[in-house]
Amino acid sequence: MSRFSEGDSFDSDDILVNNDEVLDEDSWATELKLRLENAMEIWIASAFVDTRAVDILESALRAAPPNSSREIRILLDNDFHENPLAREVIINKLYSLPNTIIRLADTKGKFHPKCYIFNQGSYTSALVGSMNFTGGALINNTEFGIFSDKPDDIKKCKGFFLRHWSKGKITEKTERLTYTDQKFKNGDTVSHTPTQRIGSILNNRWNESANSWEYHVFFGTITPALVLENDLKRQHIFSVPIQHYSNFRNNNIQNGDDLKYFILSYLNQRYLVPAENGFYGPVTSRIQDVWYQKIPLYKVLDSPSPRLLIADEVGLGKTIEAGLILKELMARMIGCKRILIVCPNMLSNKWEQEMRIRFNIFFEILTGKKVADFLNEFIDKKESITFNVIIPYESLGTSKILNIIENLNTPIDIIICDEAHHLRNDNLRHATVRKIAFQNRCMLMLTATPINLNNRELRVLLGILDPNKYGILDPDKWDSFITPNSYISKLYSSITDCILNRDGDDVMLSDAVHINNNKLKKYILKSNLYGSLYNKDHKLKISSVYIEESKSNSIIPISIASELADNILTSNVFSQSISRTLKRDVGEFNQRDVKTIKISLDESDEKLIFLKLIALAKKTQEYNKTRTFAAHAILHQASSCLPVVSSLSDIFIPSSQDNDPDSGDADAFSTTKKSKSWTPSQKQISCKDSKFAELEKIIFEAKNEDQNFKVIIFCMFIKTIKYLEARIKILFGNDICTLIYGDVPLEERLNRINSFSKNGSPNILISSEVASEGVDLQFCHILVNYDLPWNPTKVEQRIGRIDRFGQKSDKVIIFNLVLEGTIEEIIYFRLGQRLEDAKNTLGPVAEVLGKMQKELPEKFLRSKFSDAEKERYTKTLDYNLKKAKEKQSSLEKENLRLVVHNDTLKKELESRFENIVDNHNNVPQCLLKLLSDIFIIIIKDQDTYLKIKDSKVKQVTIDISRYLIARDLRNHLNHLLPKLTDGEFKITFDRNLALNANAEYLCIDHPFIRFLLESNKKRIQKDVINFLTTKNDKLLTGKYILTEYECAVAIGPIKQDFVYSQSAYTIERDAVNEISDRNIIKELFKFDFWNAGSKFDISEECLKIISNNSRETAEKTFSNHYDGIKTRLIKNSENQKNAYNELCLKNRMQLEQRITTAVNPNQKKHLSLQLDNLVNELNYIISSLPNPDDIIFSPRLILITAIERR
C-alpha cells in the first residue's frame, strides 16, 4: 500500500524535521539523483519531460538496492513535449519502470509546477525550484532549488499534487518505442519535389500506414494538399516571387527631386549593409590595407559562435585586427549594442584613441566608482542599455565589483580582453572577467604570449574564452588534449629548417624530419586516443604518409615541402580557437639579432660583496622557510645592480604573491617611499661595475654608428634605473637620457616618450616594465635588457616595443646582460625552458634569448649583414615573401570561402565575384553632390572642405542631433557638432589620404553619411520600372534594362552578409540580349552617372524574358550561396562533434575501467551514474550543434531600371 494515500494528509510524526537546504546550481542535481535512488516512493509534478530525463531516472532506479520496491507517480502537462509521437514514446518508457503511474493534468496546457516529493521511510522531503524534469535541467542548465522537510512545506506540496492528480487524465501504454521528429513546422516554406511548386506548411499529422509525417501544404490553390514528408524539402531560399515586369507601372525619372530621391533610396537600400563581395572594416577605417591583419577577421566570420584568441607576434597590429573585427560585427551582428574592452590601465587611452581615430567608434573609459555605477545600471536596465566602454583590469579586481557582477545576467555582445595574459592567475581580476565573459555573443582575447610559465596557463585563458569547449578540461584532460602539438611542432620545425637550408628549388628531407614523423605516427596518429580525430583524409595523416613514402628518395620540390609544412602547422589542436601570425609569415620582416652576454664579476670587490649577500639570503630563508621569495628578491636585485645593494635595508622585499618566481609576477616590484626619494651616492656611481662596463660599450658603439642613435634600456628596479641615469649622464651629458617608471604620472610619461621619439637628445630611454606594453618605439632598433624577468612574456613585450610593424632598420638588436654565477643565469635557463614549452604547445615562437656568449663581438652593432648573413637572410626572405604572396592571394578569395566550400561551384562563383558592382567608396561623394542644395564643397590647395549653407545650418544640426541621440551616439554628436556649426571643415573621401590627413574621413559608415542617407530617402516603389539615362561615355549608345535582387543571409548570432544578384540586358527591335561582359555591367551600375530619362517602348514579350531570366539568375546565385554555407556548417559541426568526442573519450575509458575493477557495489553504482551523465551530456552537446535548418534567407527585388545611353 502506498504510504502517500490519496485521502490522507501527512502525519507529522513521519517527518524528521531539519533546516531547509538551499543547494546551488552545481550540487542540487546530484542531490536530486541521490534522493531518486534512495526514496521508497517518488512523486513528480513537472510541465515538461524528455527522453534524457527518463534515462536518468531509469539509471537512478538501477542504482537502487536489489529487490527494493517503490511507487512512482508522475503528473505532467498535457503538452509536455511538442511532438505527439515523442509524448507517446516517453509515456511508454516511463511505464517500463516498475510501479509507475502517469497522469496528465487537466489545466489545458497551463500546468507549470516543478515539484518533487520523496518518501524515504521515516524521512520525507520535497524539492521545489526552477527545474522541469528534463535532461537540460538535470545536466546543462543553471537551475536553483530548495529541499525542505518541514511538515507545513510537505503538506502544501502534497496538497497541490493530490488536487491535480485527482483531476488528471490517466494515460495508457502503447507499443510505440521510437519516434521521428517532424522536419517541418507550421509556417515553414517548402518545395514539392515532384512538381517543384512552392508552398507553406499549415499543419501536420502522423500517417501510421506510411510510417511518415504528412502535411497540409498551401500551394496557392483553394484546397490545401496533403503531402508526405519525403516529397517535401525545405525552401531556405524563399523563392523569388514570380513578378511579371509587363504589369509594372512605368515611371519617368525627371530632373530635380525625383532623380535625387530615387538615387538616395537606392543607395540606402544597397549600401548601408555589408555585401558579399566586400567587408566594412577595411574600407571604412583609417588603416593601411594589410592582408595578414584580416586573418582573424575571416576566422571570426567563419564561426557561428565567434570566440578567438589572437596571439600574433608583438608588433603585427593586434589592436588593428580587433578593430576590424569589431567594425565588421557591428555592421553584421543582429542587435549589436553592448561592447566592452578590458585592458591594462596604461593602454586605456590608446584603445580609446585607436578606436575613435582609426575606426570612428567612440568609447568611454570608466575607472573607480564609475565602474560600479555602470554595472549597477547595466543590471537594472538589462537589454535596454547601450554602451561602448573601456574598463582597466585594475578597476575590475575588487571584491565589490565581483559581488555586483554576480547579479549580471544580460549578455554583452562583444568583449575584447587586451594583454589577456593578465588573466592567467586565479585572483579577483580573473574571477570578475570570467563571470562577465560567461555570457557573451562574441569574445576576443589579445596576447602575444598566451603561455608564460607553462602551457596550463593557456588552459585558463581558453577556459574563459570558450568555457563550453575548454572549461571541462581538468589538468589531466588538458595534458592529453595538447599532446599532439608537441609532435606537430617538432615535425614542422624540422621541415622548415630543410626548406631554409635548401640549394635551388629542391628540398632534401633530413633524418630529423623522418625521425619526428615516425614519432608523430607512433604516438599520435596510431594511438587509440587520437586516431579518430585524424581520419584517413585528414591533411596531417596525408602529409605524414607522403613523408614516409618519400624516405627512399628524400628530395622533393619546394612547393610540396611548403605545402607539407602548412598542412602540419594548421593541424594544431587550437587552430579553430587561436589565430597566430609570426613576422616571418608576413614575408618582409626585420632580422632579430639577440645576444645574451655573460658577464664575470670582478675577482676582488664585486665577488666579496655578492658572497655576503648570498649569506644574507640564506639567513633570510633559514629564519622563515616560507620566505624563499625574500631570498630570491635579495639575489635578484643584487644581480641587477650590485653597487646599489650592500645590505638588507637597500632591498625592497615584496609580498610572496608578488615575488614568487613561478607565479610569473616576480618582476612586479612596486616602489617604496624610501626608493622614491633615493638617489645614488658618489661612492656608488664611481665604484667598479662590470655589468655597467658592458652597457657603456654598447652605448659608445651605438653613438659611433649614428650621432642620432636611439637605445632603450629596460630594468626591473627603481634603484637600478636611477643608478644608470646618474652614470650615463656623467659619461655622455645631462641631456642624453630620460627615464620612465611607475611613479612618473601618465601624462609626463607620454611627454618623455614623445621627446625620445624625436631626432637628437634624449638618445637613451631607461624604463621599467611600464613601457613594455602598448608603447610604440619602432623608430629605435637597439634594446638592452639590463636585467631579465622570470616571465618570458615580459621579455617578448619589451622587445616588441621596437620589433614591430613600421620598423625601418634591417635588424633589431637585443642585448641581454647576465651576471655569471648569479640568479640571473638561473632565470636565463628557466626562460629557455618556458619558451620551449610554449613552442611545443603553440608552434614556433620568436627568439628572445639568443645564445649566451662570454663577451661582445667586435663591431657588434654593424648595420649591414656579413656575406654569410646576407645569403641566409636573402634566402629566407625570398621564401617568406613567396609564401606571404601565396597567403595573400588565398586570403583575397577567402571571402568566397565563407560563401562556398564546394569546389564545383567555386570557379563559377569566382567568375561572378568581379561582376558584382560594389561602389561603397563612391557613395559619400555622390551623396553630397545630390544634396548640393544643403552643402557646398570647397577645394583649397588640393584639400577638400565641406560647408553647410547658412540657411540650412540650424535645421541640419537639429536633425543630426536627434538622429544621433536616438541611436545613443552622443559621443559622435559631441565630435561632429562643432565642425558643422563653425563653418567649413576639412574632409576626405580617400582612405589612403585619411591615414595621415587631419581631415574627417567621410566613408559609407560615417554617422554623418548614414544620417544623410537615412533622413533623405523615399522608398523605391514596388512594381515600378524607372526610366533613366546615363552619361557614362564608356557605354555604347542603346537601351538597357538593369535588375538587382538582394538576399539577406543570417546564421547563428551573426548576420553573415547580403548577397546580390545583378543582371543587365540590351533591348534592340524587340530583341533581348543578356549582357555577360562584367565591365559593361559595372559601368551601367555606376549610379553617379545616372540622370533624368524618359520612357521608351519595351514589348511585353521582352519584359517576360527579362523577368524570367533575372529571377532564375537570382535563384541560382542564392542557391549556390546556401549550398556553400550549408557545406561549411556541416563541416564545422562534424569538427566540433569529433572534438567533443575526443575530449570525453579518455574520461569514458577511465570510468569504464574503474567500473570493471570496482568491488564495492555503491562505488560501482556511482561510477555507472557518472558514466551515464557523461554520455548524456555529450549527446546533448552534439544535438545542440547548429545545423542547416538554422540558416535564414530572405530575398527581394530592389531595383528594375530602364537606362538609355544617348
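Each residue of the sequence shown is one higher than the last, beginning at 1 in full-length UniProt numbering. Here a beta-carbon is modelled for each residue, glycine too, at the ideal position from N, C-alpha and C.
query                                                                                                                : result
HIS112 versus LYS1131: straight-line alpha-carbon distance, rounded                                                  : 39 Å
Local Cβ density within 10 Å of THR124, reported as buried at 16 or more and exposed below that                      : buried
C-alpha gap between CYS498 and MET508, whole angstroms                                                               : 6 Å
Among PHE1027, THR1066 and GLY832, the one whose alpha carbon lies nearest that of THR1037                           : THR1066
Alpha carbon of LYS337 to alpha carbon of MET355, nearest angstrom                                                   : 16 Å
Euclidean distance between Cα positions of ASN751 and LYS758                                                         : 11 Å
Close beta carbons around ASP1088, own chain, < 7 Å, minus the five adjacent residues each side                      : ASN922 and CYS926
Residues bridged to THR100 (per DSSP)                                                                                : ILE72
Minimum length 4: unbroken alpha helix (DSSP H) runs contained in the UniProt domain "Helicase C-terminal" (694-843) : 718-732, 746-757, 792-799 and 823-842
Rounded separation between SER12 and LYS155 - CA only                                                                : Because the pLDDT of SER12 is 31, which lies under 50, any placement of that residue in the model is unreliable, and the question is left without a value.
Cβ pair count under 8 Å reaching 3, the segment 295-313 against the segment 385-398                                  : no
C-alpha gap between LYS710 and PHE829, whole angstroms                                                               : 29 Å
Residue burial classification, MET1149 (beta-carbon count within 10 angstroms, cutoff 16)                            : exposed
Whole-angstrom C-beta distance between VAL190 and GLN235, which should lie under 8 Å                                 : 6 Å
Contact the segment 131-144 vs the segment 47-62: 3+ CB pairs below 8 Å                                              : yes
Completely contained alpha helix (DSSP H) runs for the segment 925-1006, where each covers 4 or more residues        : 953-966, 970-981 and 991-994
Residue environment, ALA966, which counts as buried when at least 16 other CB atoms sit within 10 Å                  : exposed
Three-pair Cβ contact test at 8 Å for the segment 966-980 versus the segment 351-367                                 : yes
Presumed contact (8 Å Cβ cut-off) between ILE414 and LEU329, rounded CB distance                                     : 6 Å
Enclosing alpha helix (DSSP H) for PRO151 [first to last residue]                                                    : 151-167
Element boundaries [alpha helix (DSSP H), containing TYR245]                                                         : From DSSP, TYR245 is part of no alpha helix (DSSP H); its letter is neither H nor E.
Proximity to ILE287 [Cα-Cα], best of LEU993, GLY335 and SER767                                                       : LEU993
Bridge partners - TRP1090, DSSP secondary structure assignment                                                       : THR1030
Helix, strand or coil at ALA448 [DSSP, three-state]                                                                  : coil
Spatial neighbours of THR319 in its chain, beta-carbon cut-off 8 Å, leaving aside the 5 residues before and after    : LYS350, TRP351, GLU354, ASP418 and LEU446
Exposed unless 16 or more other CB atoms sit within 10 angstroms - verdict on GLU910                                 : Below a pLDDT of 50, predicted positions are generally treated as unreliable, and GLU910, at 38, falls in that range; no measurement from the model is reported.
Short Cβ contact (7 Å threshold) for ALA448 with GLU796                                                              : yes
Unbroken alpha helix (DSSP H) run spanning VAL371, endpoints                                                         : 369-381
Cβ separation of ALA1092 and THR1030, assumed to be a contact under 8 Å, to the nearest whole Å                      : About 11 Å separates the two Cβ atoms, so there is no contact after all.
Supposed close pair PHE756, THR738 - CB separation, criterion 8 Å                                                    : 6 Å
Residue of TYR245, TRP213 and SER246 minimising C-alpha distance to LEU232                                           : TRP213
Candidates ASN83, LYS110, LEU272 and GLY821: closest to ILE599 by CA position                                        : GLY821
Separation of PHE1193 from THR1127, as counted between CA atoms                                                      : 16 Å
Alpha carbon of TYR179 to alpha carbon of TRP206, nearest angstrom                                                   : 10 Å
Through-space distance from LYS1116 to LYS929, alpha-carbon basis                                                    : 37 Å
One or two residues paired with PRO680 in a DSSP bridge                                                              : PRO680 pairs with nothing; no bridge assigned.
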